[in-house]
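Novice: Below is the structure I would like to discuss, written out as structure tokens.
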Amino acid sequence: QDRPTQGIHDLVGKRVMLERNSDELVAYLRQEGIGLDRIVQMEHSFDPMDLIKGRVDAISAYVTNEPYYLDGALLSYQTYTPRAAGIDFYGDNLFTLAAEIENHPKRAAAFRAASLRGWQYAMSHPEEIADLILAKYSKRHPREFYLYEARRMVQLLQPDLIEVGYMNRGRWQHIADTYAGLGLLPADFSLAGFLYDPNPQRDYAWLYRSLVAALLLIFLVGGIALYINSINQRLGRAVGELEREKAFAREVMQRLVRLRCDDPRLDLWSRPALSFSGDAAAAAFTPDGRVRLLLADCTGHGLAAALNVVPVVEMFYGLSARGLALEEVCTELNRQIHELMPTGRFVCAAIVEIDPAARRIRVWNGGMPPVLCAGTDGRVAEHWDSRHVALGILPADQFDASPETRPLPQD
317 QDRPTQGIHD LVGKRVMLER NSDELVAYLR QEGIGLDRIV QMEHSFDPMD LIKGRVDAIS
377 AYVTNEPYYL DGALLSYQTY TPRAAGIDFY GDNLFTLAAE IENHPKRAAA FRAASLRGWQ
437 YAMSHPEEIA DLILAKYSKR HPREFYLYEA RRMVQLLQPD LIEVGYMNRG RWQHIADTYA
497 GLGLLPADFS LAGFLYDPNP QRDYAWLYRS LVAALLLIFL VGGIALYINS INQRLGRAVG
557 ELEREKAFAR EVMQRLVRLR CDDPRLDLWS RPALSFSGDA AAAAFTPDGR VRLLLADCTG
617 HGLAAALNVV PVVEMFYGLS ARGLALEEVC TELNRQIHEL MPTGRFVCAA IVEIDPAARR
677 IRVWNGGMPP VLCAGTDGRV AEHWDSRHVA LGILPADQFD ASPETRPLPQ D
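Residue 317 is where the sequence shown starts when you use my numbering, and the numbers rise one by one after that.
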């Protein structure tokens with residue numbers, strides 16, 4: 317590029333090589349107000365040299381492939397991803413017929429299991445797989461290309477954190493809604509029967525109902541009375557113990573966790589830090605007037621989780637009061653949680669910084685649901701997906717404390 321682009325809207329009127337059936341990219345462009353009639357579409361050659369030589373202005377590409385050649389050519393370029401607009405489709409998928417699963421369930425399960433084992437092996441042995449590709453399949457790319465591709469795939473798949481082959485039904489529904497927005501699916505498209513369940517549960521409800529009815533008839537007189545009496549005793553003990561634990565946890569949290577920001581412009585709709593859980597919500601001002609918000613979720617439940625989240629909130633208040641930068645706050649929180657908390661304990665957190673003077677919002681999201689910014693009309697104006705792992709998982713030299721920065725919405 318001759319000069320830095322100001323954003324994806326600079327593609328209007330430019331020459332773009334776009335693959336066929338690039339629905340994810342088409343949805344992204346449409347969401348940004350760029351219809352296909354506003355760009356000059358060109359047949360895709362699948363040759364990055366067209367971009368390097370300036371024969372086109374933009375290409376659809378895989379982040380695991382083309383950047384290898386663009387970086388090698390020392391080309392200054394920018395990457396636009398649909399994920400920036402909340403559009404994130406699944407990549408490679410396995411499809412089969414319902415008849416195959418019904419008539420050959422073991423074969424379908426075995427094929428899926430073998431495919432996943434292959435992916436897991438390939439991710440764990442990139443150099444061996446690169447040599448195998450060159451020896452038996454293709455010499456189109458150099459060995460370093462396949463190793464680069466493997467490294468980028470590991471970044472996308474995160475196999476150490478997410479099981480290979482894991483699918484989320486809510487994410488598939490979002491994909492279906494996106495296709496419906498493109499007019500490729502009806503608005504009420506159902507996913508029933510679409511997703512494969514490797515461990516389907518048989519319905520034995522009718523058998524259970526029959527057994528329960530028989531037992532009720534046999535033990536109608538004495539059995540029911542004894543059962544109710546036993547349940548009442550256990551329930552009474554359990555309720556008493558639970559109430560004592562709740563009272564203890566509430567007292568501890570009220571003493572140790574203080575919501576120090578009484579500014580009338582701030583309102584916490586939920587105050588989990590005062591409840592019996594590992595959730596926390598806190599707000600604080602920095603000395604120079606920036607507003608800091610913390611939403612945290614400590615692993616586990618009950619008293620242990622509630623007490624584990626206390627030092628996190630205390631550290632947040634202390635670091636904010638010192639006026640440290642958001643990156644420093646995230647780095648210090650991660651370091652102390654990683655060093656002090658027991659193995660297996662970590663904290664999902666979203667930290668928001670609102671800077672009225674600079675008219676910007678900065679968000680660091682590690683393992684939490686999307687952070688939403690709504691306008692006065694109630695509509696979501698901005699959202700920040702999780703782009704980091706939770707606090708306390710990675711050591712300091714591997715931790716990424718960089719937040720996302722966006723302008724403060726006008727309304």
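All residues carry an ideal CB built from backbone N, CA and C; glycine is no exception.
Would you tell me roughly how many angstroms separate the C-alpha atoms of Tyr464 and Gly694, rounded to the nearest one?
Specialist: About 44 Å.
Novice: Report the partner residues of Cys664 according to the DSSP bridge assignment.
Specialist: Note: Cys664 sits in a beta bridge opposite Asp613.
Novice: Have a look at Gly708 and Val379 and give me their C-alpha separation to the nearest angstrom.
Specialist: About 28 Å.
Novice: Give the range of the alpha helix (DSSP H) segment to which Asn650 is assigned.
Specialist: Asn650 -> alpha helix (DSSP H) spans 642-656.
Novice: Given Trp335, which residues of its chain have a CB within under 6 Å of its CB, disregarding the five upstream and five downstream residues?
Specialist: The sequence shown places Glu at residue 335, not Trp. Same-chain partners within the cutoff: His360, Ser376.
Novice: Could you check how far apart the C-beta atoms of Val705 and Gly683 are, in whole angstroms? I think they sit under 8 Å.
Specialist: Their Cβ separation, rounded to whole angstroms, is 6 Å, which keeps Val705 and Gly683 in contact under 8 Å.
Novice: State the CB to CB distance for the pair Leu611 and Ala666, rounded to an integer number of angstroms; the pair is presumed to be in contact (CB under 8 Å).
Specialist: Indeed, because the Cβ distance is near 5 Å, the residues count as touching under 8 Å.
Novice: Note down the Cα distance separating Leu590 from Leu710, rounded to an integer number of angstroms.
Specialist: At Leu590, the pLDDT of 42 sits below 50, so the modelled position is not reliable; the number obtained from the coordinates is stated separately. Between Leu590 and Leu710, the C-alpha separation is close to 28 Å.
Novice: If we call anything under 8 Å between Cβ atoms a contact, is Leu339 one with Tyr495?
Specialist: The question names Leu, but residue 339 in the sequence shown is Asp. The answer is yes: Cβ separation under 8 Å.
Novice: At which residue ranges does the region 361-386 contain complete alpha helix (DSSP H) runs of 4 or more residues, listed in the order of the chain?
Specialist: The qualifying runs are 365-368.
Novice: Tell me the residue span of the alpha helix (DSSP H) that contains Asn419.
Specialist: Unbroken alpha helix (DSSP H) run through Asn419: 414-419.
Novice: Check whether the region 592-607 touches the region 629-646, counting contact only when three or more Cβ pairs, one atom from each stretch, lie closer than 8 Å.
Specialist: Yes, since at least three Cβ pairs between the region 592-607 and the region 629-646 fall closer than 8 Å, the two stretches touch.
Novice: Taking the Cβ atom as the reference point for each residue, do Val663 and Cys614 lie within a distance shorter than 8 Å?
Specialist: The answer is yes: Cβ separation under 8 Å.
Novice: Taking 6 Å as the limit between beta carbons, can you name the residues of its chain near Asp716, skipping five residues before and five after?
Specialist: Around Asp716: His704.
Novice: Quick one: using the 10 Å Cβ neighbour count with 16 as the cut-off for buried, is Ala529 buried or exposed?
Specialist: That one is exposed.
Novice: Applying the criterion that 16 or more other CB atoms from any shown protein chain within 10 Å of the CB defines a buried residue, is Val342 buried or exposed?
Specialist: Counting Cβ neighbours within 10 Å, Val342 comes out buried, since at least 16 surround it.
Novice: Determine the extent of the beta strand (DSSP E) in which Val676 is found, giving its start and end residues.
Specialist: Rather than Val, the amino acid found at residue 676 in this sequence is Arg. 676-682 is the extent of the beta strand (DSSP E) around Arg676.
Novice: Given that a residue counts as buried once 16 or more other Cβ atoms are within 10 Å of its Cβ, and exposed if not, what is Met333?
Specialist: Looking at its Cβ environment, which holds 16 or more other Cβ atoms inside 10 Å, Met333 is buried.
Novice: Buried or exposed: where does Asn624 fall if 16 or more other Cβ atoms within 10 Å of its Cβ makes it buried?
Specialist: Counting Cβ neighbours within 10 Å, Asn624 comes out buried, since at least 16 surround it.
Novice: Check the DSSP bridge columns for Leu501 and list the partner residues they point to.
Specialist: DSSP lists no partner for Leu501.
Novice: Skipping 5 residues on each side, what residues in its chain have a beta carbon closer than 7 Å to that of Pro514?
Specialist: Within the same chain, Pro514 has close Cβ partners Ala425, Arg428.
Novice: If you count every other CB in all the chains shown that lies within 10 Å of the CB of Phe632, and 16 or more means buried, which is it?
Specialist: Classification of Phe632: buried, given that the 10 Å Cβ count is 16 or more.
Novice: Taking buried to mean at least 16 other C-beta atoms within 10 Å of its own C-beta, is Gly329 buried or exposed?
Specialist: By the neighbour-count rule (16 or more Cβ atoms within 10 Å), Gly329 is not buried but exposed.
Novice: Pick helix, strand or coil for Arg336, following the three-state DSSP scheme.
Specialist: Arg336 falls in the coil class under three-state DSSP.
Novice: So which of Glu643, Asp408, Met657 has the shortest CA-CA distance to Val480?
Specialist: Looking at the Cα atoms, Asp408 is the closest of the given residues.
Novice: For Glu382, which residues from the same chain have a beta carbon less than 6 Å from its beta carbon, with the 5 sequence-adjacent residues on both sides left out?
Specialist: The residues are Pro364.
Novice: What residue range does the alpha helix (DSSP H) around Met469 cover?
Specialist: Where Met469 is concerned, the enclosing alpha helix (DSSP H) stretches over 459-473.
Novice: May I ask you to report which of helix, strand or coil DSSP gives Leu767?
Specialist: The chain is shown only over 317 to 727; residue 767 falls outside these bounds and no answer can be derived.
Novice: My output table needs one value for Phe601: the three-state DSSP class, helix, strand or coil.
Specialist: Note: Phe601 maps to strand in three-state DSSP.
Novice: CA-CA distance, Ile449 and Ala438?
Specialist: When rounded, the distance between both Cα atoms is 11 Å.
Novice: Which term fits Glu557, buried or exposed, when burial requires 16 or more other beta carbons within 10 angstroms of its beta carbon?
Specialist: Exposed.
Novice: With a CB to CB cut of under 8 Å and the five nearest residues on each side skipped, what residues in its chain are close to Leu498?
Specialist: So the list reads Asp339, Val342, Ala343, Arg346, once near-sequence residues are dropped.
Novice: Run through DSSP, which three-state label would Pro686 get?
Specialist: Pro686 falls in the coil class under three-state DSSP.
Novice: Enumerate in chain order the residues of its own chain whose CB-to-CB distance from Met358 is below 7 Å, with the five nearest sequence positions on each side excluded.
Specialist: Cβ neighbours of Met358 beyond the five flanking positions: Arg331, Val332, Met333, Val372.
Novice: How far does the alpha helix (DSSP H) with Pro442 in it extend, from its first residue to its last?
Specialist: Counting along the chain, the alpha helix (DSSP H) containing Pro442 begins and ends at 442-448.
Novice: Who are Trp700's beta bridge partners in DSSP?
Specialist: Answer by DSSP bridge pairing, in chain order: Val687.
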